[in-house]
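Okay, structure first, notes after.
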Amino acid sequence: MRQEIRAKWGDMIRFSDQAVWISDCEVVLHQGCGDKQGSSILYGKGAVHYGGIPQIVKAFDFADWMAKTFTVMYDFVHLKMDIEGAEYPVLFAMIDNRSIELVNELHLETHSHKFRDGRYNKEHEILINQLGKLFKPENLTIT
Numbered sequence: 062m063r064q065e066i067r068a069k070w071g072d073m074i075r076f077s078d079q080a081v082w083i084s085d086c087e088v089v090l091h092q093g094c095g096d097k098q099g100s101s102i103l104y105g106k107g108a109v110h111y112g113g114i115p116q117i118v119k120a121f122d123f124a125d126w127m128a129k130t131f132t133v134m135y136d137f138v139h140l141k142m143d144i145e146g147a148e149y150p151v152l153f154a155m156i157d158n159r160s161i162e163l164v165n166e167l168h169l170e171t172h173s174h175k176f177r178d179g180r181y182n183k184e185h186e187i188l189i190n191q192l193g194k195l196f197k198p199e200n201l202t203i204t
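Heads up, the sequence shown is in my numbering, so the first residue is 62 and it goes up one at a time.
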């Protein structure tokens with residue numbers, strides 16, 4: 062898949078084998094089971110903790126990386142985010158450091174409904190409201 066993308070887009074696309082997070086660190090990756098379960102660094106998301114052997118993986122501070130990598134003047138950023146529950150702390154960190162302002166279009170898949178303990182129910186509503194204020198409707202897709 063990477064070769065196909067590179068052939069089409071060249072150096073405009075960047076790949077990373079690290080988890081997106083709110084700091085540069087190591088995290089435990091809980092592998093999903095089956096075709097429809099994404100892996101997550103957050104324990105307790107749906108059936109994730111029932112699959113595979115947890116692995117230690119490197120993670121990077123996405124908000125910090127965005128701030129260091131892109132500029133408002135020269136870059137057009139279309140961010141597609143599907144990070145299995147980690148979107149809440151990551152996007153709040155992006156709002157806090159204002160790197161969210163570097164994003165022109167955001168396509169976000171949310172996962173608060175997959176946490177049985179309801180840990181992100183309140184954060185979900187707050188985040189959706191904040192994103193609605195930051196983006197024009199045509200530049201924001203939330204599923």
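Every residue, glycine too, gets a C-beta built ideally from N, C-alpha and C.
Around the C-beta of residue 133, fewer than 16 other C-beta atoms lie within 10 Å, and the residue is accordingly described as exposed. If the five residues before and after residue 202 are omitted, its C-beta is found closer than 6 angstroms to the C-beta atoms of 168, all from its own chain and listed in chain order. Counting along the chain, residue 103 sits inside no alpha helix (DSSP H), nor does DSSP assign it H or E at all.
It is roughly 8 angstroms from the alpha-carbon of residue 141 to the alpha-carbon of residue 170.
The continuous stretches of alpha helix (DSSP H) do not include residue 147, and DSSP gives it neither H nor E.
According to the DSSP assignment, residue 66 belongs to the alpha helix (DSSP H) that extends over 63–70.
Across the set 181, 164, 166 and 165, the C-alpha of 181 shows the shortest separation from the C-alpha of residue 172. Contact check for residue 101 against residue 91 passes: the beta carbons are separated by less than 8 angstroms. DSSP places residue 132 in the coil class of the three-state scheme, outside both helix and strand.
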